[in-house]
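Undergrad:
In our numbering, the protein residues as written are 57 to 589.
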């Protein structure tokens, strides 16, 4: 149960007389209503309020169900009251217990911050906020009758617009640093006879799901501009407890609602953790994978060092054929005396401080450039983009391929331009396409059926020499270790960028080829279970 569901349940219990026990010594609500009628008669005689036309009197019939008398007409309300109430309570129309119910008026706004006008945004379920108010033209205050000036503990009910309709707050003079305040035409002011009916009790009644769940159904107007008419508000059926029980209800709510709020904070935190758990678990698995802890090592596997030697031999062949360029600063990382060293430009140096974790004995550390050829495409000008031809993928398209396996709203270049640029920018099966601008490191493995050209700068390609399992490389790219390495080495200020120079220097934990496949298989099996969480 969410905190809001629990709160709704408590509020529903409160207004149905189920939150606190009834006290037979309480003055019943029927007597309270008689005193309210007497008070209203006094205010009418003093011309402080006007007499209602066709006032409503609700009473219990011989069958113990509510009836309403308006003038000479009497009718049953059994089908209208939303729930049963205790015998000491009474149903009334809202206007019967109020001295004033009226919409505010359309203000003439002013930059002069003297007289605030309370609008819908001031009324939040979290409370009343004068800071969100605008101000009326000071000279227009004379057009407001004294009854329109907000009084302490007036109820303010948002009466127009989807999303805000039915939201209520209690006006607090202590929360208003200005001399006075008025309401605008989208807010209905409800002023109960506060010595008999506590505004906070009414607030909780109108906040409960019995009212809020049907508020739009009781409003008039189109779907875009619902209006809660003043007549509808005046006629709202309202359950009234004895005054002392009102106080007990509010005391109990002040005791339990803070606990509900605390529960809500814990519930929300737990929900966030539960939502994040599958992704965190996945990241943990990937981290275990690149550290050699996901599957056991097999002593019969060919060492990673032998794999690196084959890759070096393949690179030499491609260099001789002019298909790739020679690395002028070739890196060789090796172990000696239980430490790791890198030989670069004929100079050896210990790199133990650069290595983030230990790897198994049959693995090897290497630079990314030692196992793949990191390249970018030749530039294609925007004027060469077309609506048909060969697909042209930028970082956003590669990101979609990585996330979903397909791309919509494609761009294209001509077949002729594709053929002209085919020496660069055309990936091959087993290559990895990596987003290099914006959301960094999203990785897609090129399939045999793929045919596209990729954009310079925003995408880089890891040309695989056919010696590394591409699925392992992709898995590694999504590991926390690689994500952090990409983050730390990304260039740019507002928009991060992976450069070829930085990517070449990424430190890569390389397992034997057979273990790469075992890691991929195990990660895929575990992902099936994660997807069920």
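Ideal Cβ positions, reconstructed from N, Cα and C, are used throughout, including at glycine.
Looking at the unbroken alpha helix (DSSP H) that takes in residue 286, where does it start and where does it end?
TA: That run of the alpha helix (DSSP H) goes 286-290.
Undergrad: Output the residue ranges of the beta strand (DSSP E) runs that lie fully inside the segment 446-487 and measure 3 residues or longer, sorted by chain position.
TA: Fully enclosed beta strand (DSSP E) runs of 3 or longer: 446-449 and 467-469.
Undergrad: Which residues in the same chain as residue 137 place their Cβ atom closer than 7 Å to its Cβ, once the five residues preceding and following it in sequence are excluded?
TA: Cβ neighbours of residue 137 beyond the five flanking positions: 122, 147 and 293.
Undergrad: Quick one: measure Cβ to Cβ for residue 266 and residue 60, integer angstroms, because I've assumed they're closer than 8 Å.
TA: Contact flag wrong, Cβ pair sits at about 15 Å.
Undergrad: Indicate the three-state DSSP secondary structure (helix, strand or coil) for residue 276 in the structure shown.
TA: Correct three-state label for residue 276: strand.
Undergrad: Just the C-alpha distance for residue 428 and residue 526, rounded to the nearest angstrom, thanks.
TA: Roughly 10 Å separates the two Cα atoms.
Undergrad: Distance, Cα to Cα, residue 389 vs residue 561?
TA: Taking the straight line joining both Cα atoms gives about 12 Å.
Undergrad: From this set, 342, 474, 463 and 431, which residue's C-alpha is nearest residue 514's C-alpha?
TA: If we check each option's Cα against that of residue 514, 431 comes out closest.
Undergrad: Secondary structure at residue 69, three-state DSSP: helix, strand or coil?
TA: Correct three-state label for residue 69: helix.
Undergrad: Give me the DSSP bridge partner(s) of residue 340.
TA: Answer is none; residue 340 lacks a bridge partner.
Undergrad: Look at the alpha carbon of residue 248 and the alpha carbon of residue 455, and state the distance between them as a whole number of angstroms.
TA: Roughly 59 Å between the two C-alpha positions.
Undergrad: As a quick exercise: from 77, 459 and 317, pick the residue whose alpha carbon is nearest that of residue 305.
TA: Checking every option, the nearest Cα to that of residue 305 belongs to 77.
Undergrad: When DSSP labels each residue in this structure, what does residue 566 get in the three-state scheme?
TA: Strand at residue 566.
Undergrad: Could you say if the segment 171-188 and the segment 138-145 meet the contact criterion of at least three C-beta pairs nearer than 8 Å?
TA: Because the criterion of three Cβ pairs below 8 Å is not met, the segment 171-188 and the segment 138-145 do not touch.
Undergrad: Taking just the CA atoms, how far does residue 487 sit from residue 504?
TA: The alpha-carbon atoms of residue 504 and residue 487 are separated by roughly 10 Å.
Undergrad: Which ranges would you report for the beta strand (DSSP E) in the segment 185-270 if only whole runs of at least 3 residues count?
TA: The segment 185-270 contains these whole beta strand (DSSP E) runs: 211-214, 224-226 and 243-248.
Undergrad: With DSSP run on the structure shown, which of helix, strand or coil describes residue 507?
TA: In the structure shown, residue 507 sits in coil (DSSP, three-state: anything other than H, G, I, E or B).
Undergrad: Can you give the Cα-Cα distance for residue 94 and residue 318, rounded to whole angstroms?
TA: Roughly 44 Å separates the two Cα atoms.
Undergrad: Using DSSP with H/G/I as helix, E/B as strand and the rest coil, what is residue 347?
TA: Of the three classes helix, strand and coil, the one that applies to residue 347 here is coil, per DSSP.
Undergrad: How big is the Cα-Cα spacing for residue 367 and residue 329?
TA: Approximately 43 Å between the Cα atoms of the pair.
Undergrad: Do residue 446 and residue 507 have their CB atoms nearer than 9 Å?
TA: Yes, Cβ-Cβ distance for residue 446 and residue 507 is below 9 Å.
Undergrad: According to DSSP, which residues form a beta bridge with residue 584?
TA: Answer is none; residue 584 lacks a bridge partner.
Undergrad: Which two residues bound the contiguous beta strand (DSSP E) that contains residue 172?
TA: Its beta strand (DSSP E) spans residues 172-174.
Undergrad: Just mark residue 240 as buried or exposed, buried being the case when its beta carbon has 16 or more other beta carbons within 10 Å.
TA: Buried.
Undergrad: Tell me the rounded alpha-carbon separation between residue 404 and residue 397.
TA: Cα-Cα distance, rounded: 6 Å.
Undergrad: Measure the C-alpha to C-alpha separation of residue 259 and residue 324 and round it to an integer number of angstroms.
TA: Their backbone Cα atoms lie some 25 Å apart in a straight line.
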